[in-house]
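Structure, as structure tokens:
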Amino acid sequence: MVETAPAQCYTVTARTLHWITASLVLFMLPLGLVIANNWGGPLQDWLYNLHRSIGALLIPIVWIRVIYRLGHAPPRLPDDIPPLQQLAASTTHWALYALLIVQPFVGWIGVSAYPATITVFGLFDLPSLWHEDRAFSNQVLFVHSLIGLAIAVLAAAHIAAALHHHFIRRDGILARMTTG
Numbered sequence: 050m051v052e053t054a055p056a057q058c059y060t061v062t063a064r065t066l067h068w069i070t071a072s073l074v075l076f077m078l079p080l081g082l083v084i085a086n087n088w089g090g091p092l093q094d095w096l097y098n099l100h101r102s103i104g105a106l107l108i109p110i111v112w113i114r115v116i117y118r119l120g121h122a123p124p125r126l127p128d129d130i131p132p133l134q135q136l137a138a139s140t141t142h143w144a145l146y147a148l149l150i151v152q153p154f155v156g157w158i159g160v161s162a163y164p165a166t167i168t169v170f171g172l173f174d175l176p177s178l179w180h181e182d183r184a185f186s187n188q189v190l191f192v193h194s195l196i197g198l199a200i201a202v203l204a205a206a207h208i209a210a211a212l213h214h215h216f217i218r219r220d221g222i223l224a225r226m227t228t229g
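Remember, our numbering sits 49 above the position in the sequence shown when you count from 1.
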């Protein structure tokens with residue numbers, strides 16, 4: 050066990066954007082699994098609409114988060130964390146950002162090519178991004194599922210690392226994104 054001084058905290062804005070994104074993504078992953086396997090029963094269409102709506106909502110949230118992050122450097126990791134682990138943390142964060150930017154657009158293109166409408170929480174329809182092409186839609190939605198799997202793996206690694214820092218290292222890394 051390594052006892053170190055508490056790490057500097059993320060801003061309230063960064064923490065809020067993180068937890069909104071995390072909550073939506075952690076809800077979307079199992080929801081995507083349910084709808085992809087047609088486990089929704091009589092709620093299947095409603096679940097598809099919910100998945101599409103949350104995906105549309107994630108587009109501006111993730112962009113705001115990335116833009117905010119580019120203008121506000123995160124707190125430094127403690128110096129006793131090996132450089133390779135620091136590189137892994139940075140790579141995981143940026144890979145998650147990249148996939149979270151790409152994922153909803155891949156889904157939107159796949160749904161457009163199906164063709165289906167994306168009605169965002171019953172309020173408005175998003176425009177189609179692609180012409181009707183079911184074969185292309187199947188391919189794109191397969192890629193969408195692979196990206197979802199990659200997001201799940203990276204999120205699991207991120208969560209495992211945070212828990213390791215909290216329970217094993219006890220170095221305050223998790224607290225800087227929770228309580229500040």
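Ideal Cβ placement from N, Cα and C applies to all residues, glycine included.
Check, Outcome
"Beta-carbon proximity check, ALA85 vs SER194, cutoff 8 Å", "yes"
"Nonlocal neighbours in the same chain, by C-beta distance under 8 Å from ASN87, ignoring five residues either side", "GLN93"
"Beta-carbon spacing of ILE158, TRP179 below 8 Å", "yes"
"Cβ pair ARG114, VAL160 closer than 8 Å", "no"
"Alpha-carbon spacing of GLY90 relative to LEU126, whole angstroms", "46 Å"
"Residues near MET226 by beta carbon distance below 7 Å, same chain, minus five either side", "TYR59, ARG64, HIS67"
"Bridge partners - THR168, DSSP secondary structure assignment", "ASP174"
"The stretch 135-153 contacting the stretch 198-215, beta-carbon criterion three pairs below 8 Å", "yes"
"Own chain, CB closer than 8 Å to ASP174, minus 5 neighbours either side, in chain order", "THR166, ILE167, THR168"
"Closest by C-alpha distance to ILE110, when choosing among PRO131, ALA122, PRO153", "PRO153"
"Neighbourhood of THR62 by C-beta distance below 7 Å, restricted to the same chain and skipping five residues each side", "TYR117"
"Classification of ASP129 by the beta-carbon crowding that lies within 10 angstroms, buried from 16 upward", "exposed"
"Alpha-carbon spacing of TYR163 relative to GLY81, whole angstroms", "17 Å"
"Nearest residue (CA-CA) to ALA137, options GLY221, ALA209, THR228", "ALA209"
"Buried versus exposed call for LEU212 [16 or more other C-beta atoms within 10 Å across all chains shown]", "exposed"
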